[in-house]
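Peer 1: Protein sequence lines, in the order shown, are assigned to chains A and B. With my numbering applied, the first sequence covers 35 to 150. With my numbering applied, the second sequence covers 3 to 113. Beta carbons: idealized from backbone N, C-alpha and C, even for Gly. The following block contains the structure, expressed as structure tokens.
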Amino acid sequence: DVKVTQSSRYLVKRTGEKVFLECVQDMDHENMFWYRQDPGLGLRLIYFSYDVKMKEKGDIPEGYSVSREKKERFSLILESASTNQTSMYLCASSSGQGFFKSYEQYFGPGTRLTVT
Amino acid sequence: GQSLEQPSEVTAVEGAIVQINCTYQTSGFYGLSWYQQHDGGAPTFLSYNALDGLEETGRFSSFLSRSDSYGYLLLQELQMKDSASYFCAVSPRWTARQLTFGSGTQLTVLP
């Protein structure tokens, strides 16, 4: 079974702090994604990566950066946390091999981040 | 940009059939996917349609009409465990098959 793990289930940080959210997948997937989920807004794509050291902006990249130094690990960085970044953050991965497999994303359990 | 519309809530009784609609407007289109998310859980993949027509997987089916920019998820023989949020998602670009999600439909199954 594909397993996507995230470093923390709950996190509380102060405004202005630098925050690191880590995601690890164990299925050798090429693609990795970071989303935030807010009530009534669904899942919104922040950044994604299709290879080591390769990244692209999603729909809401402002205030975030990412790092992918190893294939299995994708980190989301909040350079200076703000209260409007309080949210559920979900990491996902998908295979880059095969037409249909590449459309199936596997999600981690999420990190509920509160910025006070 | 991309936008997807789906109903915010649907209620049905156990054993019934329910259809969750999704209409989309995207600058590019490489398929429509559906995901299920139980309260407190992670989204899980249900289905993907690249071409027009109906795809069936057990009690769940998904339909796509590209000319109408419309799709739906059909759930048959509803069970209590089907109570969850259901998200449609489009792939607007080829790169990494990235997804743009709708805001979700909360399905409540009543006994």
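Let me see if you follow: with CB-CB separation under 9 Å, is residue 38 of chain A close to chain B or not?
Peer 2: With 9 Å as the cut-off, residue 38 of chain A counts as an interface residue toward chain B.
Peer 1: Using a Cβ-Cβ cut-off of 9 Å, state whether residue 136 of chain A counts as contacting chain B.
Peer 2: At least one chain B Cβ lies under 9 Å of residue 136 of chain A.
Peer 1: In angstroms, rounded to a whole number, what distance separates the CA positions of residue 110 of chain A and residue 33 of chain B?
Peer 2: Near 27 Å, if we compare the C-alpha coordinates of residue 33 of chain B and residue 110 of chain A.
Peer 1: Using a Cβ-Cβ cut-off of 9 Å, state whether residue 139 of chain A counts as contacting chain B.
Peer 2: It does; some Cβ of chain B falls within 9 Å.
Peer 1: Quick one: what's got a C-beta closer than 7 Å to residue 144 of chain A's C-beta in the same chain, skipping five residues either side?
Peer 2: If we look at residue 144 of chain A and ignore the five residues flanking it on each side, its Cβ neighbours are 40, 122, 123, 124.
Peer 1: Go to residue 84 of chain B, then tell me how far its beta strand (DSSP E) extends in each direction, as first and last residue.
Peer 2: Premise fails: residue 84 of chain B is in no beta strand (DSSP E) and is neither H nor E.
Peer 1: Where do the ends of the beta strand (DSSP E) carrying residue 150 of chain A lie?
Peer 2: Run containing residue 150 of chain A: none; DSSP gives neither H nor E here.
Peer 1: Can you tell me whether DSSP reads residue 166 of chain A as helix, strand or coil?
Peer 2: No answer is possible for residue 166 of chain A: it lies beyond the span of chain A, which begins at 35 and ends at 150.
Peer 1: Mind checking if residue 46 of chain B is an interface residue toward chain A, Cβ cutoff 9 Å exclusive?
Peer 2: Chain A contact via Cβ: present.
Peer 1: Is the CB of residue 106 of chain B under 9 Å away from at least one CB in chain A?
Peer 2: Taking Cβ atoms only, chain A reaches closer than 9 Å to residue 106 of chain B, which makes this a yes.
Peer 1: Under a CB-based cut-off of 9 Å, is residue 95 of chain A close to chain B?
Peer 2: No, no contact with chain B.
Peer 1: Counting Cβ pairs closer than 8 Å, one from the stretch 87-96 of chain B and one from the stretch 25-39 of chain B, do we hit at least three?
Peer 2: Taking 8 Å as the limit for Cβ pairs, the verdict is that the stretch 25-39 of chain B does touch the stretch 87-96 of chain B.
Peer 1: Would DSSP call residue 139 of chain A helix, strand or coil?
Peer 2: It is coil, neither helix nor strand.
Peer 1: Between the stretch 19-35 of chain B and chain A, which residues of the former have CB atoms less than 7 Å from a CB of the latter, in chain order?
Peer 2: The residues in question are 33, 35.
Peer 1: Please classify residue 82 of chain B as buried or exposed, where buried requires at least 16 neighbouring CB atoms within 10 angstroms.
Peer 2: Per the 10 Å Cβ criterion, exposed.
Peer 1: Closest by CA to residue 140 of chain A, which one among A/46, A/59, A/49?
Peer 2: The option with the nearest alpha carbon to residue 140 of chain A is A/59.
Peer 1: Going straight from the alpha carbon of residue 46 of chain A to that of residue 150 of chain A, what length do you get?
Peer 2: Spanning the two alpha carbons is a distance of roughly 7 Å.
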